[in-house]
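Under the UniProt record's numbering, the final residue of the sequence shown carries the number 144; numbering is consecutive throughout.
The beta-carbon is built from N, C-alpha and C at its ideal position, and this holds for glycine as well.
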Amino acid sequence: MVDRRRAAAVIIRDGHVLMVRERGRGPSGRHDGHEYWTLPGGGIEPGESAEQAVVREVAEEVGLATRSVRHLYDTPYPSGWTACFAVEVAPGEPRLGVDPGRDCDCPRMVGLSWVPLPRSSASEGLMVPTLLMATPEDAAGPPR
1 MVDRRRAAAV IIRDGHVLMV RERGRGPSGR HDGHEYWTLP GGGIEPGESA
51 EQAVVREVAE EVGLATRSVR HLYDTPYPSG WTACFAVEVA PGEPRLGVDP
101 GRDCDCPRMV GLSWVPLPRS SASEGLMVPT LLMATPEDAA GPPR
């Protein structure tokens, strides 16, 4: 695991969490490798708080305006520790954004989907996947 701090958004609507489908780097160095689903989010820039980073990432990756942010938990992620936040967004439909500042001209983000949350009782707490591996069979959406 790389030691890079990240921030990620848990955006819930009607019992579903918003996730972004991304492509990892393949042998060529381009984003044509394995695909996976992840929460909207990314690296915390120098001088930026985790809260500021998650607001910026939500706007960049899914085109939604953030209304409120509440820290939920920290979790390990392949590129470093991730601070996950419950994010309330303004009404509207998400749209796939761009990932500015990348050193590659190929798309890394390739889709969005609302993933059903597992049912749990209020006393169990909310379980949200941070990362789901994608397979060719789930091209229409993430695993359920």
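The Cβ atoms of A83 and A7 sit closer than 8 Å to each other. Within the model, the alpha-carbon separation for V55 versus V89 is close to 10 Å. M19 and P118 have their C-alpha atoms some 15 Å from each other. DSSP, read as helix, strand or coil, puts R21 in strand. Residue environment for A65: exposed (fewer than 16 other C-beta atoms within 10 angstroms of its C-beta).
Distance from V62 to L112 at the Cβ level is roughly 6 Å; contact confirmed, criterion being Cβ atoms closer than 8 Å. If you draw a 10 Å sphere on the C-beta of G41, you find 16 or more other C-beta atoms in it, and that means buried. Counting the other Cβ atoms within 10 Å of the Cβ of V87 gives 16 or more, which makes it buried. Using a Cβ distance threshold of 8 Å, R13 and W81 do not count as a contacting pair. Residue burial annotation: P94 is buried, with at least 16 other C-beta atoms found within 10 angstroms of its C-beta. Under the three-state reduction of DSSP, E61 is assigned to helix. In the displayed model, A90 falls within coil according to three-state DSSP, outside both helix and strand. For E48, there is no enclosing beta strand (DSSP E), since its DSSP letter is neither H nor E.
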